[in-house]
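Heads up: the protein sequence lines correspond to chains A and B, in order. If you count by the working numbering, then the first sequence holds residues 1 to 169, one letter each, in order. If you count by the working numbering, then the second sequence holds residues 1001 to 1169, one letter each, in order. All C-beta atoms in this analysis are idealised placements derived from N, C-alpha and C, irrespective of residue type, glycine included. Here's the structure we're looking at; comments come further down.
Number of protein chains: 2
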Amino acid sequence: MRINKGVEWAVHACALLAPLPSGRGLNLAALAEYHCLPVPYMAKQMQALSRAGIVQTFKGKTGGYALARASSEINLWDITRAIDGPGSLFRCTEIRQAGPCASSPSECLKTCTIAAAFAKAEHIYRAALREVSLADILTTTASTVSPDHLGKVFGWLSENATTLPTSSH
Amino acid sequence: MRINKGVEWAVHACALLAPLPSGRGLNLAALAEYHCLPVPYMAKQMQALSRAGIVQTFKGKTGGYALARASSEINLWDITRAIDGPGSLFRCTEIRQAGPCASSPSECLKTCTIAAAFAKAEHIYRAALREVSLADILTTTASTVSPDHLGKVFGWLSENATTLPTSSH
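Quick look at the structure:
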């Protein structure tokens, strides 16, 4: 099992949008360039983030993407779910209802013990991702990278961010 | 993302082997029949369980499979890892080392904040699966199914279990 690799790109893209002031955004070409990704790969993640209401899309010449809400209000599960979908890691196919000792549907009103144990573990996994916001990621990252590197990133952002139109799509 | 569906089959197969007394086992055909699975599908899971030391394989006419250790000593992570592999859900591709603001390898000695957050959640997920043993699964299942159903399963087991040869492979 493996999370869709787009999740990594999407989290990094959101983390790059997070420090931008209100009214400023990054277009697809800039996001793709920053992450060394082909534009269609980046576009797919941004579309999924937009559909999930995590980023706002601004069309037009000075269009681009901005976070749709505060970075403290977007967590790693929000982004994972947007890119990888809401499906469970473990999907029960009701094996207990097949074979020579099949249980009847009426005997299976309660979730299978095995599926329930996996669901509980997955609930805990999602909760752990929900506990980490983009704001947390930024705070921790800022405390671990050099001031020089931070300066380089902010320099790139100020050169590449666009002033967004007033209406989003 | 989704766990390999073989994990469900493998956990059910181990749960079926768990109540057998020492020296008794089930062969591949019986395991496949019980789970309504084509023999090659069942074989693949049993081979992986055998490689991981979770089941013992006994060859020959009365051969078959038995758990390699007590059901209290086999947990859901053991089985998941055996079937799905030890790889992480989230695999970091070091995005931070690419692009116009690339960090140098020497700046990346500490795990990326994003990868670290996913690794922490996954650690918690695995720990939750480690907490559930096959013995726990059996105890909980036995308390939720009807005595009639339990009788049916034990009847099938006593008809289909073989007396294993003394040496395993």
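Supposed close pair residue i, residue j - CB separation, criterion 8 Å
i, j, result
"A1048 of chain B", "I1083 of chain B", "5 Å"
"A15 of chain A", "L134 of chain A", "6 Å"
"A1161 of chain B", "R1024 of chain B", "4 Å"
"I1174 of chain B", "V11 of chain A", "Summary: the structure shown does not reach residue 1174 of chain B, with chain B confined to residues 1001 through 1169, and so no result is reported for it."
"N27 of chain A", "G63 of chain A", "6 Å"
"S104 of chain A", "V1145 of chain B", "About 11 Å; that fails the 8 Å criterion."
"P40 of chain A", "W1156 of chain B", "No, P40 of chain A and W1156 of chain B are not in contact; Cβ-Cβ is about 54 Å, not under 8 Å."
"A66 of chain A", "V55 of chain A", "7 Å"
"H149 of chain A", "E1107 of chain B", "6 Å"
"A1068 of chain B", "G1053 of chain B", "6 Å"
Contacts that residue i makes with chain A (C-beta to C-beta distance below 8 Å)
i, result
"K1110 of chain B", "T144"
"T1113 of chain B", "I137, T140, T141, T144"
"P1019 of chain B", "What P1019 of chain B touches in chain A: nothing, since even the nearest Cβ is about 13 Å away."
"G1099 of chain B", "E33, Y34, H35, C36"
"A1161 of chain B", "Under the 8 Å cutoff, chain A gives no residues; its nearest Cβ is about 14 Å from A1161 of chain B."
Bridge partners - residue i, DSSP secondary structure assignment
i, result
"A1066 of chain B", "B:Q1056"
"L1089 of chain B", "Looking at the DSSP assignment, L1089 of chain B forms no beta bridge with any residue, so it has no partner."
"R24 of chain A", "A:T163"
"S71 of chain A", "Answer is none; S71 of chain A lacks a bridge partner."
"S133 of chain A", "A:N75"
Per-residue contacts from residue i into chain A (C-beta, under 9 Å)
i, result
"R1002 of chain B", "M1, G87, S88, L89, F90, R91"
"A1029 of chain B", "In chain order: nothing, as chain A lies at least about 12 Å away."
Interface partners of residue i on chain B, CB under 7 Å
i, result
"L129 of chain A", "A1121"
"Y41 of chain A", "Within 7 Å Cβ-Cβ: nothing; Y41 of chain A doesn't reach chain B, min ~12 Å."
"A10 of chain A", "Under the 7 Å cutoff, chain B gives no residues; its nearest Cβ is about 10 Å from A10 of chain A."
Under 9 Å by beta carbon: chain B residues contacting residue i
i, result
"G6 of chain A", "What G6 of chain A touches in chain B: nothing, since even the nearest Cβ is about 11 Å away."
"A48 of chain A", "None at all; the shortest Cβ gap to chain B is about 14 Å."
Contacts that residue i makes with chain B (C-beta to C-beta distance below 8 Å)
i, result
"A52 of chain A", "Per Cβ cutoff of 8 Å: no residues; A52 of chain A is ~16 Å from chain B at best."
"S103 of chain A", "V1145, H1149"
Neighbour flag for residue i against chain C, beta carbons, 7 Å
i, result
"A1013 of chain B", "Looking for chain C here will not work: the only protein chains present are A and B."
- Item | Under 9 Å (Cβ pairs) to chain A, residues found in the stretch 1079 to 1092 of chain B | Within the stretch 1079 to 1092 of chain B, those residues whose Cβ lies closer than 9 Å to any Cβ of chain A are, in chain order, T1080, D1084, G1085, G1087, S1088, L1089, F1090, R1091, C1092.
- Cβ-based contacts, 7 Å cut-off: residues of the stretch 54 to 77 of chain A near chain B: For the stretch 54 to 77 of chain A, residues whose beta-carbon sits nearer than 7 Å to a beta-carbon of chain B comprise L76.
- Item | Three CB pairs or more closer than 8 Å across the stretch 1039 to 1055 of chain B and the stretch 140 to 157 of chain A | Cβ pair count under 8 Å is below three, so no.
- Touching by the beta-carbon criterion (3+ pairs, under 8 Å), the stretch 116 to 134 of chain A and the stretch 1119 to 1135 of chain B: Cβ pair count under 8 Å is three or more, so yes.
- Message: Along the stretch 147 to 159 of chain A, where does the CB come closer than 7 Å to a CB of chain B? Name the residues.
- Response: Within the stretch 147 to 159 of chain A, the residues whose Cβ lies closer than 7 Å to some Cβ of chain B are H149, K152, V153, W156, listed in chain order.
- Message: Below 8 Å, how does it come out for the stretch 1088 to 1097 of chain B and the stretch 1064 to 1080 of chain B: are there three or more Cβ pairs, yes or no?
- Response: Between the stretch 1088 to 1097 of chain B and the stretch 1064 to 1080 of chain B there are fewer than three C-beta pairs closer than 8 Å, too few to call the two in contact.
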